[in-house]
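A.B. asks:
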Amino acid sequence: MPPRPILLDCDPGHDDAVAMLLAWGSPAIDLVGVTTVAGNQTLEKVTANALALARVAGIAGVPFAKGADCPLVGPQLIPAEIHGESGLDGPRLPGPGADLDPRHAVDLIADTVRGHASGEVTLVATGALTNLALFARTHPDLVGRVAGVTLMGGAHHGGNMTPAAEFNILADPEAAAIVFDASWPVTMVGLDVTHKVLATPERMEQIARVGTDVAGFVAELVDFFGQAYKAERRYPGPPMHDPLAVAAVADPSVLATVAAPVRVETRGEYTRGMTVVDLRRTWDVAGGEPSILGVADDYENMSMHRVGVDVDVDGFWHMLIDALTRIGNTHFR
Ligand code: RIB
Ligand code: CA
């Protein structure tokens with residue numbers, strides 16, 4: 104099977120960085136563009152980080168463009184306590200490995216979708232969904248040409264920034280609502296599954312055995328990224344949120360999903376940014392046809408998306424280690 108073309112919209116961010124490495128090293132992925140969006144840090148900082156990652160990974164021939172520097176409506180949230188003041192604290196970064204494309208992210212997304220056959224390009228979003236929402240509103244005629252959107256975000260139960268909201272959705276709930284309401288198919292890689300791929304010491308020993316400068320860089324990323332998770336949540340290692348979204352495109356069998364309507368709460372006092380996933384229709388009732396006991400809303404008429412519910416954890420780590428092995432040493436320092 105030919106590699107799947109993807110455009111990565113990201114906010115590097117430690118796990119975004121690993122996602123970019125996976126996208127570049129995976130033989131199942133053709134990375135055709137990278138766009139940045141404010142999220143883990145300011146647009147300027149995440150963009151500088153993305154360009155530095157191009158040098159770390161040895162990425163060539165891929166356009167990098169920056170996009171939205173703030174959410175559509177709400178306040179900007181920057182979780183410096185997790186990714187640090189630079190957005191990629193921990194490892195010493197090299198200089199830029201790519202020139203910034205003069206186009207806005209939305210224009211690069213549009214040109215990329217136009218430049219490929221309809222149904223070829225998958226948009227992988229690992230940050231706030233502002234750029235994708237602006238693209239869908241600016242180029243409604245191109246939405247149907249997109250193979251699909253695979254996004255790290257949300258959860259069918261719970262949140263990390265609040266009890267109800269995950270960061271990428273809460274960072275711009277209005278944008279997320281536009282993305283889930285658009286006509287393209289969305290695969291939601293939420294906390295329910297990303298919290299199953301923790302970069303534990305055992306997994307990091309496997310990464311270390313790759314023995315390259317890039318694998319060593321990943322270890323430095325995980326070391327810093329894991330500090331907040333260890334301190335605040337006693338996690339044995341940080342979740343590989345964003346790389347799992349890329350892995351789900353490289354090999355869809357790595358993620359078990361159910362079809363379900365998804366809505367984004369934009370007004371709730373305690374639930375703003377919540378992805379409201381209607382699982383009522385996806386679980387069999389007593390082995391018979393799934394049914395909904397009193398339907399008190401119009402979920403019946405909503406488009407169904409794919410929602411991650413389980414992961415082939417070993418399969419994910421094998422994919423990441425294989426990608427890092429293929430990248431080899433890039434001598435970025
Ligand atoms: O909630 C996790 C998500 O928020 C990840 O994409 C991480 O990089 C941050 O953007
Ligand atoms: Ca991210």
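For what it's worth, this note's numbering labels the leading residue of the sequence shown as 104, then goes sequentially. In this text, a Cβ means the ideal position worked out from N, Cα and C, and glycines have one as well.
State the DSSP-derived secondary structure class of Met-343, mapped to helix, strand or coil.
C.D. replies: Along the sequence shown, read from residue 1 onward, the residue named residue 343 stands at position 240. In the structure shown, Met-343 sits in coil (DSSP, three-state: anything other than H, G, I, E or B).
A.B. asks: Rounded to whole angstroms, what's the CA-CA distance from Asp-413 to Thr-253? Just pull it up for me.
C.D. replies: Residue mapping note: residue 413 aligns to position 310 of the sequence shown, counting from 1. Residue mapping note: residue 253 aligns to position 150 of the sequence shown, counting from 1. Between Asp-413 and Thr-253, the C-alpha separation is close to 15 Å.
A.B. asks: Can the beta-carbon of Val-132 be found less than 9 Å from the beta-carbon of Pro-166?
C.D. replies: Within the sequence shown, the letter at position 29 stands for residue 132. Within the sequence shown, the letter at position 63 stands for residue 166. The sequence given here has Ile at residue 132, not Val. Result no, Cβ atoms of Ile-132 and Pro-166 do not sit closer than 9 Å.
A.B. asks: Whose C-alpha, out of Ala-236, Val-313, Leu-301 and Gly-293, is nearest the C-alpha of Ala-267?
C.D. replies: As a position in the sequence shown, residue 267 is number 164, starting the count at 1. It is Gly-293.
A.B. asks: Hey, could you find the ends of the alpha helix (DSSP H) Met-264 is sitting in?
C.D. replies: Here residue 264 refers to the residue found at position 161 when the sequence shown is read from its first residue. Careful: Met-264 lies outside any alpha helix (DSSP H) and carries neither H nor E.
A.B. asks: Sorry if obvious, but does the Cβ on His-408 come closer than 8 Å to a heavy atom of ligand 2?
C.D. replies: Along the sequence shown, read from residue 1 onward, the residue named residue 408 stands at position 305. No, ligand 2 has no heavy atom inside 8 Å of this Cβ.
A.B. asks: His-186 and Asn-143: beta carbons closer than 9 Å?
C.D. replies: As a first step, residue 186 must be located in the sequence shown, where it is residue number 83. As a first step, residue 143 must be located in the sequence shown, where it is residue number 40. Contact: yes.
A.B. asks: Count the other CB atoms, across all protein chains shown, that sit within 10 Å of the CB of Gly-257; report buried if there are 16 or more and exposed otherwise.
C.D. replies: Here residue 257 refers to the residue found at position 154 when the sequence shown is read from its first residue. Buried: at least 16 other Cβ atoms inside 10 Å.
A.B. asks: So does the region 118 to 138 actually touch the region 321 to 339, counting three or more Cβ pairs closer than 8 Å?
C.D. replies: Yes, the region 118 to 138 is in contact with the region 321 to 339.
A.B. asks: Using only alpha-carbon positions, find the residue among Ala-359, Arg-370 and Arg-312 that is nearest to Leu-273.
C.D. replies: If you number the sequence shown from 1, residue 273 lands on position 170. Of the candidates Ala-359, Arg-370 and Arg-312, the one whose C-alpha sits nearest the C-alpha of Leu-273 is Arg-370.
A.B. asks: Residues in its own chain within less than 7 Å of Ala-280 by CB, not counting five upstream and five downstream?
C.D. replies: As a working note, residue 280 is residue 177 in the sequence shown. Taken in chain order, the residues that qualify are Val-367 and Thr-369.
A.B. asks: Ends of the beta strand (DSSP E) at Thr-73?
C.D. replies: Residue 73 falls outside the range modelled here, since the chain spans only 104 to 436, and no answer is possible.
A.B. asks: Let me check understanding here. Comparing Cα to Cα, which of Pro-199, Leu-156 and Val-140 lies closest to Asp-172?
C.D. replies: Residue 172 sits at position 69 when you count from the first residue of the sequence shown. Selected option, being the one with the closest Cα: Val-140.
A.B. asks: Go through its chain and collect everything with a Cβ distance to Leu-211's Cβ below 7 Å, but skip five positions before and after it.
C.D. replies: Stepping through the sequence shown from its first residue, residue 211 is reached at position 108. If we look at Leu-211 and ignore the five residues flanking it on each side, its Cβ neighbours are Gly-136, Thr-138, Pro-166, Ala-168 and Asp-204.
A.B. asks: Determine the burial state of His-66: buried for a count of at least 16 other Cβ atoms within 10 Å of its Cβ, exposed for fewer.
C.D. replies: The question about residue 66 has no answer, for the chain in this structure spans 104 to 436.
A.B. asks: Under a CB-based cut-off of 9 Å, is Leu-245 close to chain C?
C.D. replies: Any reference to chain C falls outside this structure, which holds one protein chain only.
A.B. asks: For the beta strand (DSSP E) that Glu-244 lies in, which residues bound it at each end?
C.D. replies: Reading the sequence shown from its first residue, position 141 is the one you call residue 244. Residue identity check: residue 244 is Asp in the sequence provided, not Glu. Unbroken run through Asp-244 is the alpha helix (DSSP H), 243 to 246; no beta strand (DSSP E).
A.B. asks: By alpha-carbon positions, which one of Thr-428, Arg-409 and Arg-375 ends up nearest to Val-499?
C.D. replies: Summary: the structure shown does not reach residue 499, with the chain confined to residues 104 through 436, and so no result is reported for it.
A.B. asks: Check Ala-449 in the structure and name its three-state DSSP category.
C.D. replies: As displayed, the chain neither begins before 104 nor continues past 436, which places residue 449 out of reach and without an answer.
A.B. asks: Quick check on Met-104: does DSSP put it in helix, strand or coil?
C.D. replies: Looking up residue 104 in the sequence shown gives position 1. Here Met-104 sits in coil by DSSP.
A.B. asks: Alpha carbon to alpha carbon, what distance is there between Val-300 and Trp-420?
C.D. replies: Start at 1 with the first residue of the sequence shown, and residue 420 comes out as number 317. Start at 1 with the first residue of the sequence shown, and residue 300 comes out as number 197. Whole-angstrom Cα-Cα distance: 8 Å.
A.B. asks: With C-beta atoms as the reference, is Gly-161 less than 9 Å away from Gly-200?
C.D. replies: To locate residue 161, count along the sequence shown from 1; it is residue 58. To locate residue 200, count along the sequence shown from 1; it is residue 97. Cβ atoms of Gly-161 and Gly-200: closer than 9 Å.
A.B. asks: May I ask you to list the residues that DSSP assigns as paired with Cys-173?
C.D. replies: In the sequence shown, counting from the first residue as 1, residue 173 sits at position 70. Partner(s): none; Cys-173 has no beta bridge.
A.B. asks: Once you ignore the five residues that flank Glu-184 on each side, which residues in its own chain have a CB closer than 8 Å to its CB?
C.D. replies: Within the sequence shown, numbered from 1, the residue matching residue 184 stands at position 81. Around Glu-184: Ala-331.
A.B. asks: Report the option in Gly-164, Ala-362, Pro-115 and Thr-145 whose CA atom is closest to the CA atom of Pro-174.
C.D. replies: Numbered from 1 along the sequence shown, position 71 holds the residue referred to as residue 174. Comparing Cα-Cα distances from Pro-174 to each of Gly-164, Ala-362, Pro-115 and Thr-145, the minimum goes to Thr-145.
A.B. asks: Using the C-alpha atoms, what's the distance from Met-407 back to Pro-197?
C.D. replies: Along the sequence shown, one-based indexing puts residue 197 at 94. Along the sequence shown, one-based indexing puts residue 407 at 304. Near 43 Å, if we compare the C-alpha coordinates of Met-407 and Pro-197.
A.B. asks: Curious, which full-length alpha helix (DSSP H) runs of at least 4 residues does the region 201 to 252 contain?
C.D. replies: Whole alpha helix (DSSP H) segments, 4+ residues: 208 to 217, 233 to 241 and 243 to 246.
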